[in-house]
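A short worksheet on the structure shown next.
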Amino acid sequence: MEQLTVVISGFDPYEGVSVNPSLVVPDALANEGVDVDRNNIEDPLHDVAIDVHAVHVPVSFRNGWAKLHDTLEQVQPNIVIATGLKRAARGILLERCAINLKDTTRPDAENVIPGHRVINEHGPAAYWTGLPLRAILNAFAKDDIPATLSSDAGTFVCNALFYHLQEWAAQRGDTMGGFVNLPLVNEQPHPQHGLSLRQQIQAGKDVVRACARYYLQPTSEDILL
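Heads up: the sequence shown runs through residues 1 to 225, numbered per full-length UniProt numbering.
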């Protein structure tokens, strides 16, 4: 049986957020695993074991990527899915690209304010996601999970982590990486803002399966930039 290794990262607790989905969802996927249909021989995952590792990183320009990088070098994953929290989001946000810019007057968790500067003065202006966005959206539609595409992950720590991840993946050439922003947890029926925790965990599993299938059998139909 073939094995694929997936790392899913989430950020440490956010101030004012009682349940941080970017902490809970990665842990849930690592603990519960990602099930596949072993009887469906047409599914490329039917004979694949998916090993999920969760890692928590600080909301820090300096130490967020350092913590994730240490984990990646240790685990050597095939797929990396970084997650963050978008408080104003209605559903899941699939981030299209990471831009080479830090631009904020808001301090990170270490009280660092980088101002307006590039992440890597020798790097490209942006990196596209490596995740199969169309395939993920199709999986979400089957599970009735609200989602949308987002042009970029902003200019704060989420984007910086995303940029470093894509830079690392590009240098390796055999690792798929990308970033997904999760909404606030809202357990009310039919919420106008946020999603239930169970929906978000299901979304995480859909992302992992879609990425694993694409990793094994990449097709242009799965890509949507």
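Every residue, glycine too, gets a C-beta built ideally from N, C-alpha and C.
- Separation of V17 and N181 (C-alpha to C-alpha, rounded to the nearest whole angstrom) is 15 Å.
- For I92, the enclosing beta strand (DSSP E) starts and ends at 92-99.
- With respect to the 9 Å criterion, Q76 and V48 are not classified as neighbours on the basis of their beta carbons.
- Looking at the DSSP output, N31 sits in no beta bridge, so it has no partner there.
- The criterion of a C-beta distance shorter than 9 Å is not satisfied by G173 and C211.
- Counting along the chain, Y127 sits inside the beta strand (DSSP E) bounded by residues 126-128.
- Between P44 and L149, the gap from beta carbon to beta carbon reaches 9 Å or more.
- DSSP, reduced to helix, strand and coil, places E167 within a helical segment of the structure shown.
- With the rule of 3 Cβ pairs closer than 8 Å, the segment 130-137 does not count as touching the segment 28-47.
- Straight-line spacing of the CA atoms in V112 and A160 works out to 13 Å.
- Annotation: the continuous beta strand (DSSP E) that includes I79 extends over 79-85.
- Straight-line measurement puts the Cα of I223 at about 15 Å from the Cα of S151.
- Under the three-state reduction of DSSP output, A89 falls in the coil class, being neither helix nor strand.
- By the Cβ-count criterion, P107 is exposed, with fewer than 16 other Cβ atoms from all chains shown falling within 10 Å of its own Cβ.
- For K67, no pairing in a beta bridge is given by DSSP.
- For V208, same chain residues with a beta-carbon under 6 Å away, outside a window of 5 residues either side, are V6, V34 in chain order.
- Separation of E32 and Q188 (C-alpha to C-alpha, rounded to the nearest whole angstrom) is 24 Å.
- Annotation: the continuous alpha helix (DSSP H) that includes F140 extends over 133-142.
- Taking the Cα positions, S9 is about 18 Å away from W128.
- Taking 9 Å as the cut-off, the beta carbon of V57 is found no closer than this to the beta carbon of Y14.
- Counting along the chain, R117 sits inside the beta strand (DSSP E) bounded by residues 115-117.
- For V48, the uninterrupted beta strand (DSSP E) segment begins and ends at 48-57.
- V36 and T155 have their C-alpha atoms roughly 36 Å apart.
- In this chain, I223 is not harboured by any alpha helix (DSSP H), its DSSP state being neither H nor E.
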